[in-house]
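Contents: one structure, followed by commentary.
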Amino acid sequence: MKTYLSEIFSSVQGEGPYVGERHLFVRFCACHRKCVYCDTNTELTDYCIVEKQPGSGEFEQIKNAMSVTQVADVIKEIDAKTRNSRISITGGAPLMQSRFLLKLLPILKSEGLSIYLEAAGDLVKELKTIIEWIDIVAMDIKLESVTEEKATFPAHWQFLKLCRDYNVEVFTKLVVSANTDESELLSAAKGIKKAGGEDTLVIIQPMTKAEKTDAVPSVEQIFRWQDQVSSILPNVRVIPQTHKMLEML
Ligand code: SF4
């Protein structure tokens, strides 16, 4: 079995409550969504680029598609040289490769590695097939007013409930822009509460300026939305994409 990866590198986790930890990022190609603020090349690439020395900017190229053994060996090699807290499975949409992950993750878990999955939070069946191998799920809740795509709330609530049913650590992330519809945001907060429980952590992530949009939210909007969401769920934090500030991978 083979898959397409775009990058493997060790860096600082720049988003969410684990911000600042060193993670080894394994970035899968392809995505089923088209968020207007997307900053990732989601095409299938001919090569996976691998930064063996963190921050060096020097990359080795490995021809795609890669086998499970190949990917596991590269991860083990880089992880042995760097001090990563977790393996961050990211994309694109890594859950589109759930059959590949079903082979890869048991190998990584047998090495004692902690698996952190970053996902759009809508591919429920795919998550179910691999959930036993996941330690932490960083789950996006996509807002139609921000992504400019059709909302997928029902899938999000099933996804969140699945994490809860399996007692997998999960936090939710709402990317907000200047175009955020407040009623949609509050409806998302209520859905999170119902599916995940009142103790579900919500990260409000102000959108970073991207190629197709510069609708960055104002400070006043961010405070107002944190107050509003906090009236429904008590644990709401505002965390921007910190790796962008440092121009890190
Ligand atoms: S889900 Fe993530 S990778 Fe896919 S289009 Fe949206 S931001 Fe980009």
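Our numbering numbers the first residue of the sequence shown as 1 and each following residue consecutively. Where is the CB? At the ideal position from N, CA and C, for every residue including glycine. Predicted model only: the values in this text are computed from it and were never measured.
List the DSSP bridge partners of residue i.
i	result
residue 201	DSSP lists no partner for residue 201.
residue 5	28
residue 238	204
residue 48	62
residue 175	205
residue 210	213
residue 229	Note: residue 229 sits in no beta bridge, so no partner.
residue 180	Answer is none; residue 180 lacks a bridge partner.
Please state whether DSSP places residue i in a helix, a strand or coil.
i	result
residue 38	coil
residue 66	strand
residue 158	helix
residue 78	helix
residue 170	strand
residue 22	strand
residue 85	coil
residue 11	strand
Of the choices the options, whose alpha-carbon is the least far from that of residue i?
i	options	result
residue 222	174, 46, 197	174
residue 167	193, 232, 137	137
residue 68	172, 4, 179, 181	4
residue 155	179, 182, 131, 127	127
residue 45	28, 39, 52	28
residue 43	35, 30, 34, 49	30
residue 149	171, 80, 180	180
residue 240	176, 104, 83, 94	176
residue 26	105, 17, 169	105
residue 203	229, 187, 125, 183	229
Run the Cβ filter for me: residues under 6 Å from any heavy atom of the ligand SF4, listed in the order they occur in the chain. Selection output, chain order preserved: 31, 33, 34, 35, 38, 40, 42, 91, 92, 93, 120.
Which parts of the stretch 96 to 162 are runs of the alpha helix (DSSP H), unbroken and 4 residues or longer, counting only runs that do not cross its ends? Taking 4 residues as the minimum length, the alpha helix (DSSP H) runs contained wholly in the stretch 96 to 162 are 98 to 110, 124 to 130, 144 to 147, in order along the chain.
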